[in-house]
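Report on one structure; see the data block that follows.
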Amino acid sequence: MKCRQCQKSAVIKMERHNTSLCGGCFNLYVHDQVDRAITENKMFDHGEQILVAISGGKDSLALWDVLIKLNYRTVGLHLNLGIGDYSERSQKKVEAFAASRGVELIVHAYQEAYGLGVIEIAEETARPACSACGTMKRYHFNRIAMERGFPVVATGHNLDDEASRLLGNVLQWQEEYLEKQSPVLSDEGGTWARKVKPLFRLAEREIAAYSILNRIDYIVDECPMSKGAKMLLYKDVLNRLEEASPGTKHKFYLGFLKRQRSMPTAPTVSKPADLHPCPSCGQPTQGAVCSFCRLMQRVAP
Amino acid sequence: MIPPMKIKLYHPTREITLKGPKQVAVLLRELNLPKEAHLVICGDELVTEDLVIPDDQVVEIRPVISGGGA
Chain A
46 MKCRQCQKSA VIKMERHNTS LCGGCFNLYV HDQVDRAITE NKMFDHGEQI
96 LVAISGGKDS LALWDVLIKL NYRTVGLHLN LGIGDYSERS QKKVEAFAAS
146 RGVELIVHAY QEAYGLGVIE IAEETARPAC SACGTMKRYH FNRIAMERGF
196 PVVATGHNLD DEASRLLGNV LQWQEEYLEK QSPVLSDEGG TWARKVKPLF
246 RLAEREIAAY SILNRIDYIV DECPMSKGAK MLLYKDVLNR LEEASPGTKH
296 KFYLGFLKRQ RSMPTAPTVS KPADLHPCPS CGQPTQGAVC SFCRLMQRVA
346 P
Chain B
41 MIPPMKIKLY HPTREITLKG PKQVAVLLRE LNLPKEAHLV ICGDELVTED
91 LVIPDDQVVE IRPVISGGGA
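Residue numbers (this note's numbering), protein chains in the order written: chain A, 46 to 346; chain B, 41 to 110.
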């Protein structure tokens, strides 16, 4: 199979674009898709310092790699979730990546901060592990960004992540989540750090291919807590649809965004008028205390 | 005698051997692995589905879904 652009040997066939590309042309394609996502959605500019959330998986490490190559000012943030050997191996891969590129990395370990990992916190609060983990990640991304003066947090969510999340939200008719599902969430005048997803135009398979081609050493295992997660089922369903009808995921999610943008108000994390500082930690919240502090209050002392 | 190809698989991590030659697309189909969710690495190189892999090759079939949420 030959590269559609230059006729060298192809390394990937992308059915949704009806094309095949060699390694060099594929890297250009990935960089172009990320650049397009950033500029068209006004995610950030070269003057801003970006906090990049890095798990050690392919998406976040590929995102960091692309942003460095596109000459953005980045600092990595790794949350060590305290999931035994999986978290230790993840942190080592993140540290090795940062060292090899000479870029700054912030590591925040739950075990050190709270004496518990995410599994114990989920068990003690009787919350599903992915739900407790999500609450904790969102809280720490925002808090660390605000405390250290980063205007924007970038995460490695890809097209498959967003399409499967959209499918889940539609199946459950979670309208308030649908309103918030966007590649950019506003900072609401400095209330929050802006949240951006520069990989939303790229399929999971494309990002995995980019990581392999660029010799990015990432953690291949799935998170051990994700077994049986609904998102994996939704991804499987969408991948079967994609094989039968290439471009399904792209049309589903980008079609949603197009319709969302035609709505009268842009998506936000929360209406600013409803927000006040959490009396426990000072982070913005709509409740009596923020969802993170509520979670931690339920952890036995 | 030429040894068969060695194939590394995940979930769970294991190694199997298969007699070649075999086209990548056929290999994935026979192992019931959706091509949208897997990439094939032959030796050290990412390969496309039309490639025919001969015996005596080390092949990795890597799932594209991995890691945790960023």
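Every residue, glycine too, gets a C-beta built ideally from N, C-alpha and C. All values reported here derive from a predicted model rather than from experimental measurement.
For residue j and residue i, the rounded distance between their alpha carbons
i, j, result
"M41/B", "K103/A", "39 Å"
"H76/A", "Y255/A", "10 Å"
"L230/A", "P329/A", "15 Å"
"E288/A", "I252/A", "18 Å"
"L244/A", "E165/A", "31 Å"
"N284/A", "S325/A", "43 Å"
"R210/A", "P43/B", "45 Å"
"P103/B", "D319/A", "43 Å"
Residue span of the beta strand (DSSP E) that contains residue i, given as start and end
i, result
"H295/A", "From DSSP, H295/A is part of no beta strand (DSSP E) but of the alpha helix (DSSP H) over 293-306."
"H185/A", "Where H185/A is concerned, there is no enclosing beta strand (DSSP E), although the alpha helix (DSSP H) it sits in stretches over 174-193."
"G121/A", "118-125"
"R339/A", "Per DSSP, R339/A belongs to no beta strand (DSSP E); it is in the alpha helix (DSSP H), 336-342."
"V357/A", "Any property of residue 357/A remains undetermined from this structure, which presents chain A solely from 46 to 346."
"R81/A", "Per DSSP, R81/A belongs to no beta strand (DSSP E); it is in the alpha helix (DSSP H), 68-85."
"T88/B", "No beta strand (DSSP E) holds T88/B; DSSP gives it neither H nor E."
Cβ shell of residue i (< 7 Å), same chain only, five flanking positions each side left out
i, result
"C51/A", "C67, C70"
"P291/A", "E60, R61"
"A174/A", "V163, I164, A167, M270"
"Y263/A", "G101, G102, K103, L106, K138, S256"
Minimum Cβ-Cβ distance from residue i to chain A less than 9 Å
i, result
"V104/B", "yes"
"V98/B", "no"
"K75/B", "yes"
"I101/B", "no"
"I81/B", "yes"
"L49/B", "no"
"L91/B", "yes"
C-beta neighbour in chain B for residue i, strict 9 Å
i, result
"N284/A", "yes"
"D130/A", "no"
"L212/A", "no"
"P263/A", "One detail in the question is off: residue 263/A reads as Tyr in this sequence, not Pro. Taking Cβ atoms only, chain B reaches closer than 9 Å to Y263/A, which makes this a yes."
"A82/A", "no"
"E93/A", "no"
Residues of its chain near residue i, where Cβ-Cβ distance is below 8 Å and the 5 sequence neighbours each way are ignored
i, result
"E55/B", "K46, I47, K48, L49"
"G127/A", "A154, Y155, Q156, L161, G162, V163, I164, E165"
Neighbouring residues, chain E, relative to residue i (Cβ below 7 Å)
i, result
"I57/A", "Checking the listed chains, one finds no chain E in this structure; the protein chains it contains are A and B."
Beta-carbon contacts of residue i that lie in its chain and below 6 Å, excluding the five residues immediately before and after
i, result
"E220/A", "none"
Residue i - containing alpha helix (DSSP H), residue span
i, result
"A141/A", "129-146"
Check your understanding: Quick check: the stretch 169-189 of chain A against the stretch 79-87 of chain A, are there 3 or more CB pairs under 8 Å?
Key -> The stretch 169-189 of chain A is not in contact with the stretch 79-87 of chain A.
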